[in-house]
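Enquirer:
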Amino acid sequence: ALPLIFDCDPGIDDAIALAMALRAPQFHLLAITTSAGNQTPDKTLHNALSLCTLMGRTDIPVAGGALKPLMHPLVIAEEVHGATGLGTTTLPPVTCQPAAENAVALIARLLQESAEPVTLAVTGPMTNIALLLSSWPHLKSRIARIVFMGGAIHGGNVTPVAEFNIYVDPEAAEIVLQSGVPLVMAGLNVTHQALVMPEEVSLVRALNNPVARAVAEMLDFYMPVYRKHPRGLQGAAMHDPAVVAWLLQPELFLSEKRWVGVETQGRYTRGMTVMDPFGQNGMAPNVEILTQINRAGFIELLLDCLRRY
Ligand code: BDR
Ligand code: CA
Numbered sequence: 002a003l004p005l006i007f008d009c010d011p012g013i014d015d016a017i018a019l020a021m022a023l024r025a026p027q028f029h030l031l032a033i034t035t036s037a038g039n040q041t042p043d044k045t046l047h048n049a050l051s052l053c054t055l056m057g058r059t060d061i062p063v064a065g066g067a068l069k070p071l072m073h074p075l076v077i078a079e080e081v082h083g084a085t086g087l088g089t090t091t092l093p094p095v096t097c098q099p100a101a102e103n104a105v106a107l108i109a110r111l112l113q114e115s116a117e118p119v120t121l122a123v124t125g126p127m128t129n130i131a132l133l134l135s136s137w138p139h140l141k142s143r144i145a146r147i148v149f150m151g152g153a154i155h156g157g158n159v160t161p162v163a164e165f166n167i168y169v170d171p172e173a174a175e176i177v178l179q180s181g182v183p184l185v186m187a188g189l190n191v192t193h194q195a196l197v198m199p200e201e202v203s204l205v206r207a208l209n210n211p212v213a214r215a216v217a218e219m220l221d222f223y224m225p226v227y228r229k230h231p232r233g234l235q236g237a238a239m240h241d242p243a244v245v246a247w248l249l250q251p252e253l254f255l256s257e258k259r260w261v262g263v264e265t266q267g268r269y270t271r272g273m274t275v276m277d278p279f280g281q282n283g284m285a286p287n288v289e290i291l292t293q294i295n296r297a298g299f300i301e302l303l304l305d306c307l308r309r310y
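When we follow UniProt numbering, the leftmost residue of the sequence shown carries the number 2, and every step to the right adds one.
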């Protein structure tokens, strides 16, 4: 199985991504680490522990990471994910403890100890990963690749050009993007195609196990946020689950290799992912950008993963 560390900020779509990953036999999940993003770091850590309890995986170490972005105050997404970060869904009381180590130290240790290079799935701001790469640069060779949800090729969701995960910590994202580690990017350009339609929520609910019921309830909260948005999507965007979907079934996607950098200074453009479409800047491509997803195949995969509970 693929050795994997999952760095996230749950978050409704992070929770759904975890639900897809936690019972997938294709993964050997070494740890879940949390970042500050959708909610404050105490809440994202607590949510990760509750989700592990709900999903019967209290064996996986869970560690909290950086309490704030590298350079700027934290911005959260309470209007999308609610006051707890998981909509209005209440989860069972937590039966596990966070790891004593900080997320960044834990990832470093696991990279050192693993016999094989480890894949990192990153579905929140990249603060922890930037701290890891800056503190232990020699561990880069221990990372097979970083598959991340973040960025956008055309049009953001926080500002006209910036996507939330990159916007929260652009300096961290730039460190990761220019690190030389192999990168796969699931940006808004593909995650806005990874939609769950309103009528598909009942297919999730009909699986009728505790995890599927919680996911359906979270989708009930999350769906109207998307449907109300002026972008005019017909369903709810499964941003973070796209990362897990690529790891499980890359054949569901099309991709292009390009150079991408993050704007950390712009007056209007801070947090923008700048993609070089024609190789004009002479920089070698550093990112495999996911461009298209087979939506029907994605929904089938989501249901298959949720059926395992
Ligand atoms: C990203 O921002 C968060 O709100 C979601 O969890 C996702 O990771 C989408 O822009
Ligand atoms: Ca997220």
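Note that CB positions come from ideal geometry on N, CA and C, so glycine has one too.
1) Report yes if the C-beta distance between E164 and G125 is below 8 Å; otherwise report no.
2) Identify every residue that forms a DSSP beta bridge with P4.
3) Rounded to whole angstroms, what's the CA-CA distance from I13 to T120? Just pull it up for me.
4) Taking 8 Å as the threshold (C-beta atoms), are N190 and L253 in contact?
5) Does ligand 2 have a heavy atom nearer than 7 Å to the CB of N209?
6) For the candidate residues G262, A145, L220, whose alpha-carbon lies nearest to that of L196?
7) The alpha helix (DSSP H) that contains M141, what's its start and end?
8) Could you tell me how far apart the beta carbons of N129 and S36 are, in whole angstroms, since I believe they sit closer than 8 Å?
9) If K258 and P286 are in contact, beta carbons under 8 Å, what's the gap, nearest whole angstrom?
10) According to DSSP, simplified to helix, strand and coil, what is I294?
11) Just tell me which of L5, A18, D8 has its CA closest to the CA of A213.
12) Is the segment 235-253 close to the segment 146-153, with three or more CB pairs under 8 Å?
13) DSSP three-state call for T128: helix, strand or coil?
14) For Y269, count neighbouring C-beta atoms within 10 Å of its own C-beta (all shown protein chains included) and say buried if the count is 16 or more, exposed if not.
15) Would S180 be called buried (16 or more neighbouring beta carbons within 10 Å of its own) or exposed?
16) So S256 and I290 are supposed to be a Cβ contact under 8 Å. How far apart are they, rounded?
17) How should K44 be labelled, buried or exposed, when 16 other C-beta atoms within 10 angstroms of its C-beta is the threshold for buried?
18) How close, in whole Å, do the beta carbons of C306 and A32 come, if the pair is a contact with beta carbons under 8 Å?
19) Flag G88 as yes when its Cβ comes closer than 7 Å to any non-hydrogen atom of ligand 1, and as no otherwise.
20) Taking Cβ to Cβ, would you say P4 is nearer than 8 Å to S115?
21) What runs of the beta strand (DSSP E), each 3 residues or longer, lie entirely inside the segment 21-89?
22) Inspect the beta-carbon positions of G38 and N166 and report whether they are closer than 8 Å.
23) Using the Cα positions of M198 and H139, report the straight-line distance between them to the nearest angstrom.
24) Would you mind listing the alpha helix (DSSP H) stretches within the segment 190-265 that are 4+ residues and don't spill past its ends, in chain order?
25) Which value, in whole angstroms, describes the spacing of the CA atoms of D60 and N48?
26) Determine which residues share a DSSP beta bridge with F165 and list them.
27) Quick test of your reading: V177 and A131, contact by CB under 8 Å. State the CB separation rounded to the nearest angstrom.
Expert: Let's see:
1) Translated into positions along the sequence shown, residue 164 becomes position 163. Translated into positions along the sequence shown, residue 125 becomes position 124. In this structure, G125 does not lie closer than 8 Å to E164 by Cβ.
2) The sequence position of residue 4 within the sequence shown is 3, counting from 1. The partner list for P4 (beta bridge, DSSP) reads H29.
3) Stepping through the sequence shown from its first residue, residue 13 is reached at position 12. Stepping through the sequence shown from its first residue, residue 120 is reached at position 119. Taking the straight line joining both Cα atoms gives about 22 Å.
4) Within the sequence shown, the letter at position 252 stands for residue 253. Within the sequence shown, the letter at position 189 stands for residue 190. Cβ distance not < 8 Å, so L253 and N190 don't count as in contact.
5) Along the sequence shown, one-based indexing puts residue 209 at 208. No, the Cβ of N209 stays beyond 7 Å of every heavy atom of ligand 2.
6) Residue numbering aside, residue 196 sits at position 195 when the sequence shown is read from its first letter. Per the Cα distances, L220.
7) Counted from its first residue, the sequence shown places residue 141 at position 140. One point to set straight first is that residue 141 is Lys, not Met, in the sequence displayed. Unbroken run through K141: none, as it is neither H nor E.
8) Taking the sequence shown and counting its residues from 1, the one referred to as residue 129 is at position 128. Taking the sequence shown and counting its residues from 1, the one referred to as residue 36 is at position 35. Correct: roughly 5 Å between the Cβ atoms.
9) For the purposes of this step, residue 258 is identified with residue 257 of the sequence shown, where counting begins at 1. For the purposes of this step, residue 286 is identified with residue 285 of the sequence shown, where counting begins at 1. Contact holds; Cβ gap of about 4 Å.
10) Here residue 294 is taken as the residue at index 293 of the sequence shown, counted from 1. Three-state result, I294: strand.
11) Taking the sequence shown and counting its residues from 1, the one referred to as residue 213 is at position 212. The shortest Cα separation from A213 among L5, A18, D8 belongs to A18.
12) yes
13) As a first step, residue 128 is located in the sequence shown; it is residue number 127 there, counting from the start. Here T128 sits in helix by DSSP.
14) In the sequence shown, counting from the first residue as 1, residue 269 sits at position 268. Y269 should be labelled exposed.
15) Reading the sequence shown from its first residue, position 179 is the one you call residue 180. Classification for S180: buried.
16) Sequence index remark: in the sequence shown, residue 256 carries index 255 (1-based). Sequence index remark: in the sequence shown, residue 290 carries index 289 (1-based). Contact holds; Cβ gap of about 6 Å.
17) Translated into the one-based positions of the sequence shown, residue 44 becomes position 43. It counts as buried.
18) As a working mapping, residue 306 is identified with position 305 in the sequence shown. As a working mapping, residue 32 is identified with position 31 in the sequence shown. With 8 Å as the limit, C306 and A32 do not qualify as a contact, their Cβ atoms being about 20 Å apart.
19) On the sequence shown, residue 88 is found 87 positions in, with the first residue counted as 1. False, no ligand heavy atom lies under 7 Å from that Cβ.
20) Against the sequence shown, residue 4 aligns to sequence position 3. Against the sequence shown, residue 115 aligns to sequence position 114. In contact: P4 and S115 (Cβ atoms closer than 8 Å).
21) 28-35, 63-65
22) Working through the sequence shown from its first residue, we reach residue 38 at position 37. Working through the sequence shown from its first residue, we reach residue 166 at position 165. Contact flag set, yes.
23) Counted from its first residue, the sequence shown places residue 198 at position 197. Counted from its first residue, the sequence shown places residue 139 at position 138. Near 44 Å, if we compare the C-alpha coordinates of H139 and M198.
24) 202-206, 211-229, 240-249
25) As a first step, residue 60 must be located in the sequence shown, where it is residue number 59. As a first step, residue 48 must be located in the sequence shown, where it is residue number 47. Using only the alpha carbons, I get a separation of about 16 Å.
26) The residue given as residue 165 occupies position 164 in the sequence shown. DSSP, once it has assigned bridges, lists no residue as partnering F165.
27) Position 176 of the sequence shown holds residue 177. Position 130 of the sequence shown holds residue 131. Confirmed, Cβ separation roughly 6 Å.
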